[in-house]
Each structure stands twice: as structure tokens, then as C-alpha cells.
Amino acid sequence: MTTNKTPYLIVGNSTAAMGGVAGIRSRDAERPITIVARETEHVYSRPLISYFLAGKVDEDGMFHRPADFYEKSGVRTMLGVEVTGIDTEARAVRTSEGELLEFEKLLIATGGHPLVPSDVSGRDADGVFTFTTWADARRIGDFIEAHDVRRAVVVGGGLIGLKSMEALAERGLDVTVVELASRMLSATFDQTASDIAQHHLAERGVEVRCGTTVSSISSGGGRVTGVALRDRSSVPCGLVIFAIGVVPDTSIVAGTEIATDRGILVDDTMQTNAPGIYAAGDVAQATKRLSGEKRALPIFPVAFRQGVVAGSHMAGGARPYEGGLAMNSVDVFGLPTISVGITSPEGDEHEVLSARDDAEPSYRKIVLRDNRIVGAIFIGRIDRAGIVTGLIREGVDIAGFKDLLLTDEFGLISLPTEYRKHVVSGMGIEV
64 MTTNKTPYLI
74 VGNSTAAMGG
84 VAGIRSRDAE
94 RPITIVARET
104 EHVYSRPLIS
114 YFLAGKVDED
124 GMFHRPADFY
134 EKSGVRTMLG
144 VEVTGIDTEA
154 RAVRTSEGEL
164 LEFEKLLIAT
174 GGHPLVPSDV
184 SGRDADGVFT
194 FTTWADARRI
204 GDFIEAHDVR
214 RAVVVGGGLI
224 GLKSMEALAE
234 RGLDVTVVEL
244 ASRMLSATFD
254 QTASDIAQHH
264 LAERGVEVRC
274 GTTVSSISSG
284 GGRVTGVALR
294 DRSSVPCGLV
304 IFAIGVVPDT
314 SIVAGTEIAT
324 DRGILVDDTM
334 QTNAPGIYAA
344 GDVAQATKRL
354 SGEKRALPIF
364 PVAFRQGVVA
374 GSHMAGGARP
384 YEGGLAMNSV
394 DVFGLPTISV
404 GITSPEGDEH
414 EVLSARDDAE
424 PSYRKIVLRD
434 NRIVGAIFIG
444 RIDRAGIVTG
454 LIREGVDIAG
464 FKDLLLTDEF
474 GLISLPTEYR
484 KHVVSGMGIE
494 V
């Protein structure tokens with residue numbers, strides 16, 4: 064067994080890891096960083112895998128850092144190497160190649176792994192996939208071409224399911240989406256928004272079946288031929304994608320004192336209960352901004368911010384993590400949608416403002432609590448979504464301009480003078 068030591072070790076090579084590099088380099092421009100990751104590719108943009116499968120982005124377009132990024136950032140990479148465990152006392156990680164990597168500070172950015180129900184018979188047939196990595200997109204594309212697949216079933220009506228469905232449809236496949244919940248995008252949309260999105264998909268030939276899921280997968284010659292659903296119906300197909308979500312990949316901390324719940328528990332510096340060991344991204348269970356509860360938020364901007372905070376603290380910084388905000392932006396066959404914060408409020412303390420135009424179509428919903436915006440949905444007309452998101456982040460009292468929020472007159476000029484100056488010269492507005 065060989066041993067190496069690095070001041071900064073990052074396990075993982077995606078969004079949170081890149082945030083970690085940025086955070087470290089904001090405080091320490093010199094000392095080496097080592098990245099070890101299971102995937103073999105140079106850092107790429109995971110949101111683009113659906114566009115790659117659809118043929119809209121080529122291989123060169125997948126990378127979101129220059130080819131010389133690692134070299135210029137002083138990063139040593141060990142790609143295609145899996146970390147199998149951590150020795151917190153020796154301050155080292157073990158790799159699948161039998162190497163022991165010692166560290167001064169460690170960032171765990173292992174992300175999540177896709178869920179595949181264990182009770183679905185036939186799930187090992189050729190033609191059953193998940194859809195979270197570039198390698199997944201390559202395998203699916205190769206399978207479609209090799210077997211001339213014409214029809215597919217996507218299990219899951221959330222964001223991953225929606226993007227995989229869109230990519231398959233762009234390739235000319237007939238697609239059926241199967242969603243166990245009573246509506247698609249149920250975690251981010253309310254009933255009205257889900258209905259609009261589902262109607263939009265139906266107009267483009269995508270069948271959505273809600274309130275049921277796959278119970279078994281049939282095959283012939285070892286290859287998928289169809290699925291049976293719990294409602295006793297069936298769908299013939301040559302391809303199945305499970306897109307029902309991801310769970311934090313906490314496997315490398317198994318058997319250690321590092322505390323976990325659904326993910327690895329961290330404080331407001333992104334540090335675990337083991338000193339000098341941090342976690343960020345989909346694997347981390349950090350504070351949620353609006354509720355104060357600790358929860359894993361598998362959202363790319365959140366992952367990057369957590370990585371930056373972790374990396375900065377690893378190198379001696381002091382800026383705390385201010386909490387994650389659930390925010391999703393997804394285009395549904397040309398229909399832009401954005402959802403932020405609490406979109407399906409419960410309790411009398413919330414006030415809801417909404418406006419809908421089926422002709423466009425468009426739908427805007429704003430959720431208020433104590434004269435502060437805590438959630439919003441924008442479909443079709445998303446031009447004010449960035450301003451509203453900024454108001455949510457900053458907890459701005461909107462009492463003075465509440466009546467303007469859903470009007471065409473609402474804009475930066477509507478905001479309080481001091482906050483408007485802060486937006487222009489400070490934090491900026493994110494979409």
C-alpha cells in the first residue's frame with residue numbers, strides 16, 4: 064500500500080468539488096489540491112447530459128472548465144479511482160487501487176446515486192438505465208442506435224424524468240412517463256402548474272400516467288420488451304429509464320464517527336462532526352434557508368455555494384453558509400418554468416397571489432408569509448423571476464409594493480431605494 068499526503072483532498076469532481084477549488088483558491092493560492100473521483104471525465108456540466116443525449120451538444124460542449132483548468136488551479140487529479148473508506152484517526156482515505164491518501168483537510172463531494180426500486184422484477188434486463196451521468200447518456204444513446212429503439216418508458220415525473228423524456232423525444236422516440244404521485248413535478252409545482260406542464264407535454268405527443276408506477280419489466284432474449292404497471296395496465300417499450308430521484312452517497316463514511324441522517328450532517332461552515340472533514344453538494348445535509356431544518360438539496364447552484372463555503376473554511380475563511388434555497392429552472396419543450404422556495408404552502412399564515420393566462424400559456428404564483436415572499440412559481444412569463452428570487456433570499460418586506468408583484472409595472476424601480484442600491488452594487492440578481 065502506497066501513501067501520499069495533500070493539504071487539501073476533495074473526493075468527487077462535479078459542481079460542489081469545483082466550488083471547493085474556488086473556495087480554497089480564494090484563500091490559499093499556493094498549496095496543492097488533490098481531486099480523486101470515480102468518473103473518468105474532465106469536469107463537465109451535468110445539466111447538459113440531456114442535451115448531449117438529444118444531440119444538441121457535442122462532446123466538446125459538455126466541459127464547463129477549460130482543458131488546462133486543473134493545471135492552472137494547482138490541482139492534481141486521480142480520475143477513475145474510487146474512494147472506498149475514510150480513516151478519520153489517520154486522516155486518510157483508502158482507494159480501490161489500494162492507495163492510502165493522507166490529508167490535512169478533506170471535502171467529501173460524492174454527490175448522490177440514483178434510486179432503482181429493489182422490488183421491480185426484471186430490472187436487470189438489457190435496456191434498463193438510470194440518468195445522472197454523462198456515461199449514462201452515452202450508454203443510452205449507443206443502445207438506441209444499436210437496437211433501433213422506437214419506444215421508451217421513463218419512470219419518474221420529476222426534473223430528471225422530464226429532461227430524460229425530452230431528450231428521448233428529441234431523438235424521435237415515443238415516450239410514456241410513469242409517475243407514482245398524483246401529478247408530475249409534484250415536489251416543485253402545485254396542481255395548477257403541473258396541469259399546465261402535463262397539457263403542454265400531451266400536445267407534443269408525450270403520454271403521462273400518474274398515480275401508478277412500474278411493477279415489473281418484461282424481456283425477450285434478455286432485452287426489455289415492455290413494462291407492467293401497478294394499475295394492471297402495460298406499456299410495450301424497448302428502453303426503460305429510472306428517474307425517480309437520487310439519494311446522498313454516504314458510503315465512504317460508513318463505519319466512521321461522521322454523523323449522517325439521509326446525508327452527511329454539516330454545520331454552517333459545511334464541516335462535519337469530525338474536525339477538518341467537510342461535505343458539500345448532494346451528499347451534504349445542510350440548513351435550509353426558509354425552514355431552518357437540515358436537508359439535502361440536490362440543486363446545482365446550492366452545491367456550488369456549499370463547495371465555496373467549505374473550501375474557504377478549509378483554507379482559513381470565516382464566511383458562514385446562509386442556508387440553501389430550493390430553486391429549479393427547467394424548460395418543458397420550449398415552455399420555460401421556474402419554481403423557488405415554498406410552492407404548495409400549508410397553514411393559515413401564508414397568503415397566495417396568482418395569475419394565469421391559458422392562451423399564452425402562463426402562470427405566476429407568489430407565496431407570502433408576514434409580508435415576505437417565501438415561494439414562487441413562474442411558467443411561460445419568467446421575466447420577473449430573478450427579482451422575486453432576490454427578494455426571497457434577502458427577506459425583503461414587500462408590503463409597500465405587494466399590489467404590484469403580479470402586474471406588468473413590477474420591476475427594479477418598484478423596490479425600496481436602499482435595497483435597489485444593494486442589488487445594483489452588491490449581490491446582483493440571479494435567475
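Position in the sequence shown counted from 1, then plus 63, gives you the working numbering.
For each residue, glycine too, the CB sits at the ideal point set by N, CA and C.
Check the Cα spacing between Leu302 and each of Leu292, Thr255, Ile340, Val238: the tightest is with Val238. Between Tyr341 and Met390, the gap from beta carbon to beta carbon reaches 8 angstroms or more.
The stretch 245-262 makes contact with the stretch 425-442: 3 or more CB pairs, one atom from each, lie closer than 8 angstroms.
Segment contact: the stretch 179-192 against the stretch 274-287, three or more CB-CB distances shorter than 8 angstroms; contact assigned. With distances taken between CA atoms, Val372 lies nearest to Ile87 out of Thr78, Ile87, Ser249, Lys68. If you look at Asp150, you'll find it in the beta strand (DSSP E) that goes 146-150.
With a threshold of 16 other beta carbon atoms within 10 Å, Ala381 falls short and is exposed. DSSP places Val451 in the helix class (H, G or I) of the three-state scheme.
It is roughly 17 angstroms from the alpha-carbon of Asp471 to the alpha-carbon of Thr452. In this structure, Arg435 lies near Gly458, with their beta-carbon atoms less than 8 angstroms apart. A straight-line Cα-Cα distance of about 14 angstroms links Leu398 and Asp420. Its Cα nearest to that of Thr147, the residue Ile315 stands out among Leu454, Gln369, Ile315. Of the residues Met247, Asp466, Asp211, Pro95, the one whose Cα lies closest to the Cα of Lys226 is Met247. DSSP places Asp345 in the helix class (H, G or I) of the three-state scheme. Beta-bridge partners of His413 (DSSP): Arg432.
Val106 carries a coil assignment under DSSP once its states are collapsed to helix, strand and coil. Boundaries of the alpha helix (DSSP H) around Lys135: 132-135. The DSSP-derived three-state label of Ala79 is helix. With 16 or more other Cβ atoms inside 10 Å of its own Cβ, Glu229 counts as buried. With a minimum length of 3 residues, the unbroken runs of beta strand (DSSP E) contained wholly in the stretch 213-291 fall at 214-218, 237-242, 270-273, 277-283.
Between Ser402 and Thr251, the gap from beta carbon to beta carbon is short of 8 angstroms. Here the C-alpha atom of Leu469 lies approximately 14 angstroms from the C-alpha atom of Gly438. For Leu178, the three-state secondary structure derived from DSSP is coil. Taking the Cα positions, Pro177 is about 32 angstroms away from Gly137. In the DSSP assignment, Pro299 falls within the beta strand (DSSP E) that extends over 297-299.
The Cβ atoms of Ala209 and Val346 do not sit closer than 8 angstroms to each other. Partner residues in a beta bridge of Asn336, as assigned by DSSP, do not exist. Bridge pairing for Ile171: Val74, Ala342 [DSSP]. The alpha carbon of Asp312 has as its nearest neighbour, out of Ile223, Ala422, Asp324, the alpha carbon of Asp324. With respect to the 8 angstroms criterion, Val99 and Val120 are not classified as neighbours on the basis of their beta carbons. Excluding the 5 residues flanking it on each side, Thr158 has same chain C-beta neighbours closer than 8 angstroms at Val99, Met141, Val144, Glu145, Val146, Thr147, Leu164, in chain order. Per DSSP, Ile203 lies in no beta strand (DSSP E) segment; the continuous alpha helix (DSSP H) that holds it begins and ends at 197-210. Taking the CA atoms as reference points, Arg94 sits about 25 angstroms from Asn336. Contact between Phe396 and His262 does not hold, since the beta-carbon distance rounds to 11 angstroms and is not under 8 angstroms.
A buried status is given to Ala366, since no fewer than 16 other beta-carbon atoms sit within 10 Å of its beta-carbon. If you ignore the 5 residues before and after Gly204, its C-beta comes within less than 7 angstroms of the C-beta of Leu116, all in its own chain and listed in chain order.
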